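This report refers to the structure that appears directly beneath it.
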Ligand code: 5GP
């Protein structure tokens with residue numbers, strides 16, 4: 002087979018959003034494992050770490066004062082209040098990943114997706130993952146922990162609020178089967194990588210093809 006000129010391209014800013022319980026974290030994990038070209042953007046948050054979470058891996062856990070400082074330093078590409086806490090995407094870490102030639106995966110809510118689109122629209126591809134039904138979502142949220150009905154009702158209300166923003170996304174995938182949902186998300190990423198506007202080396206490549 003003839004040598005193929007490696008084409009340069011801009012990285013994809015790949016946003017995955019969903020209500021909690023729709024399977025977003027599983028899909029994100031599967032994507033990271035199967036595809037060394039994409040790296041996760043580790044957000045900063047004022048939320049306290051959960052028992053299995055590591056600082057710098059799952060989040061950069063910061064105090065309210067540290068978060069205020071990051072906001073006033075203009076260190077965030079986007080940030081938002083999500084329920085009781087603040088979360089934000091750090092500009093410097095995204096820039097570093099793009100410089101390293103990576104696509105960047107964002108596990109952020111609809112407010113973050115909207116801000117990212119405003120700031121870097123042409124580089125962003127947004128995917129919203131929906132649960133197959135509200136009963137299925139309720140049963141997934143119930144399985145998570147032995148929480149009270151009140152806690153579960155609160156989670157359901159949050160999930161419904163998040164779902165109401167589905168129509169701001171480029172792609173919507175229903176997660177009724179995790180393998181199929183993963184394949185769909187992978188397919189979207191593959192197609193986004195091939196968008197003409199991302200492929201910065203195309204002009205020279207096409208010129209060579211056209212020239213006698
Ligand atoms: P959790 O506290 O369960 O890890 O995340 C709660 C919500 O915050 C999730 O919907 C998650 O996608 C969102 N989130 C996490 N990091 C960010 C961020 O940097 N920016 C925004 N806007 N949302 C985030």
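Residue numbers (the numbering used here): 2 to 213.
Note that the Cβ used here is the ideal one computed from N, Cα and C, for glycine as well.
Computed from a predicted structure; not experimentally measured.
Any heavy atom of the ligand 5GP closer than 7 Å to the CB of residue 48? Here residue 48 refers to the residue found at position 47 of the chain shown. Answer for residue 48: yes, Cβ within range of the ligand 5GP.
Within its chain, find whatever has a CB closer than 8 Å to the CB of residue 26; leave out the 5 residues flanking it on each side and keep chain order. Locating residue 26 in the chain shown gives position 25, counting from the first residue. The answer, listed in chain order, is 108.
Give the secondary structure of residue 39 by DSSP, where H, G and I count as helix, E and B as strand, and everything else as coil. Here residue 39 refers to the residue found at position 38 when the chain shown is read from its first residue. In the displayed model, residue 39 falls within a strand according to three-state DSSP.
Any heavy atom of the ligand 5GP closer than 7 Å to the CB of residue 36? What you label residue 36 is simply residue 35 of the chain shown in a count that begins at 1. Not a single heavy atom of the ligand 5GP lies less than 7 Å from the C-beta of residue 36.
Could you check what DSSP says for residue 211 in three-state terms: helix, strand or coil? Working through the chain shown from its first residue, we reach residue 211 at position 210. Three-state result, residue 211: helix.
Using the C-alpha atoms, what's the distance from residue 79 back to residue 3? Reading the chain shown from its first residue, position 2 is the one you call residue 3. Reading the chain shown from its first residue, position 78 is the one you call residue 79. For residue 3, the predicted structure reports a pLDDT of 48, less than 50, and the residue's modelled location is therefore unreliable. A value from the coordinates is still provided. Their Cα atoms are separated by approximately 44 Å.
Given this structure, state the Cα-to-Cα distance separating residue 84 from residue 128, to the nearest angstrom. One-based indexing of the chain shown puts residue 84 at position 83. One-based indexing of the chain shown puts residue 128 at position 127. Spanning the two alpha carbons is a distance of roughly 21 Å.
Kindly give me the distance between the Cβ atoms of residue 143 and residue 153, rounded to whole angstroms, as I take these residues to be in contact under 8 Å. Stepping through the chain shown from its first residue, residue 143 is reached at position 142. Stepping through the chain shown from its first residue, residue 153 is reached at position 152. Right, the Cβ-Cβ distance comes to about 6 Å (below 8 Å), so this counts as a contact.
Considering only heavy atoms of the ligand SAH, does any lie closer than 7 Å to the CB of residue 88? The ligand SAH is absent from the structure shown, which contains only the ligand 5GP.
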